[in-house]
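The sequence shown runs -21 to -1, 1 to 334 under mature numbering (1 follows the signal peptide of the UniProt record, and there is no 0).
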Amino acid sequence: MMKILLVLCCTLLLTSCKENATNTLLNTYQQRLANVLEITPADTLPLNLPIYPDTRSLKQPVADIRMGLLDAYELRQCGLFQLIAERNSVLGKVQDQTRQLRYELLFLKQLNHCLTMLNSNSTSELQSQLNDIYQQKQQQLPLVIWNMVFTGKEWRQQFTLGHQLLEPQQFGGYIETVAAFNYLDTLTTTMTSQNISQALVTLTPNHIEQLLYHQQQIHNTQYLGQLFYSMAQITAELNTITAQLTQHENNVICGKNINQQQAQYLRNVFYKYYVNDIQPYLSKLQSQYQQLQPYLDSLYTILIQHHDQPPAMMTLYARYYFQGEVQRQFQQATIEHVRYWQRLFKRCQFKVGHQ
């Protein structure tokens, strides 16, 4: 038994000490360049990024509107009674944010159906009560969606920044995250449209149940936060490397009848590490961000219209990650890095693609 425990402990130690493959790649690239230039690699300054606000500051108050079972009893014919009974049960009162949104959508859909079914025998008092509840629930729906997306446990963890770079060829959670936010964006766009009554008619129970499916799919991932962190950290790393290369640019001598060995060594490092490994990785990050960003921006833009006063931290966070600032800085860092190599290749008359 002791031997088994010892093996497990050693395995955990080795796993925890294993260096991130992307970190290793970037560090090796920087070190090889520094070796050629005969300088010490510069340290990258710690990141100062917008962080995700706490749940308390994000959660919006939503008044609890309930129908008594005596009133609801009259609505058995159109399916509301069972739904309300489930909501008023012990389990119904402790639903998480995702199941709460599921209930609100099912309730609105069924209530919309009931309002079209009520016959002349229905009391005007009941009809009036249902109409009032329908209007209130409709107005609350964007707030319920906001609370689920930005404060629900599984969804909130997507926005919390990671602390490790995504590794090459290891983008676990990407497909599930794209599917989840595509679904949420479509649902939110539909449910906040002017013609919500028609939207509720076409919204199927199966489509509503997909909320739980996507919640389960992203439950064990933190892909989005890792993507945001990776783009920001690599931006900082590239800027550090580019700045150091530029600082020593004039020390790399090129020209006819001049020994260009140092420039040739730099070129070799560029091809071996940047072109072969780093550039494809950067392209993958950008491609995946560009796939997700429209859904995030659209979702936030729609929901923020129904928020009286969003926290300043959330506004900053959204501007940086949802509205593309992290990508703009990422692209700029890549462009500036490539420009250095373009200048070197031109000055030393290196042909692109020839090592």
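All C-beta atoms in this analysis are idealised placements derived from N, C-alpha and C, irrespective of residue type, glycine included.
The structure presented is a predicted model; accordingly, all values stated were derived computationally and were not measured.
Which partner residues of E228 appear in the DSSP bridge assignment?
Sequence index remark: in the sequence shown, residue 228 carries index 249 (1-based). Answer by DSSP bridge pairing: none, since E228 is not bridged.
Kindly list the residues whose CB is nearer than 7 Å to the CB of L224, restricted to its own chain and excluding five residues on each side of it in sequence; keep chain order.
Walking along the sequence shown from the start, residue 224 turns up at place 245. Contacts found: L12, Y319.
Contact check, E146 vs T221 under 8 Å by CB: the rounded distance?
Position 167 of the sequence shown, counting from 1, holds the residue named residue 146. Position 242 of the sequence shown, counting from 1, holds the residue named residue 221. Between T221 and E146 the Cβ distance is about 23 Å, and since that is not below 8 Å, they are no contact.
Give me whichever residues DSSP pairs with E146 in a beta bridge.
Working through the sequence shown from its first residue, we reach residue 146 at position 167. Partner(s): Q149.
Helix, strand or coil: how does DSSP classify F309 here?
The residue labelled residue 309 in the question sits at position 330 within the sequence shown. In the structure shown, F309 sits in a helix (DSSP, three-state: H, G or I).
Compare the C-alpha of I237 against each of I187, Q328, P184, L120 and name the closest.
Taking the first residue of the sequence shown as position 1, residue 237 is located at position 258. Closest by alpha carbon: Q328.
Apart from the five residues just before and just after Q196, which ones in its own chain have a Cβ nearer than 8 Å to its Cβ?
Numbered from its first residue, the sequence shown carries residue 196 at position 217. Excluding residues within five positions, the ones whose Cβ falls inside 8 Å are E155, A158, A159.
V331 by DSSP, collapsed to three states: which one?
Indexing the sequence shown from 1 puts residue 331 at position 352. Here V331 sits in coil by DSSP.
Helix, strand or coil for H92, going by three-state DSSP, please let me know.
Within the sequence shown, numbered from 1, the residue matching residue 92 stands at position 113. It is helical.
Counting pairs of Cβ atoms below 8 Å between the stretch 203 to 217 and the stretch 304 to 312, do you hit three or more?
Result yes; three or more Cβ-Cβ pairs closer than 8 Å.
Taking the alpha carbon of L62 as the point to measure from, which residue in L37, C93, A21, D75 has its own alpha carbon closest?
Within the sequence shown, residue 62 is the residue found at index 83, counting from 1. That would be C93, whose Cα lies nearest to the Cα of L62.
Buried or exposed, going by whether 16 or more other CB atoms sit within 10 Å of the CB of P289?
In the sequence shown, residue 289 corresponds to position 310, counting from 1. By the neighbour-count rule (16 or more Cβ atoms within 10 Å), P289 is buried.
Determine the direct distance from the alpha carbon of G151 to that of A266, and round the result to whole angstroms.
Indexing the sequence shown from 1 puts residue 266 at position 287. Indexing the sequence shown from 1 puts residue 151 at position 172. Residue 266 is actually Ser in this sequence, not Ala. The alpha-carbon atoms of S266 and G151 are separated by roughly 15 Å.
Going by the CB atoms, is the gap between T23 and A215 shorter than 8 Å?
The residue you call residue 215 lines up with position 236 of the sequence shown. The residue you call residue 23 lines up with position 44 of the sequence shown. Yes. Within cutoff.
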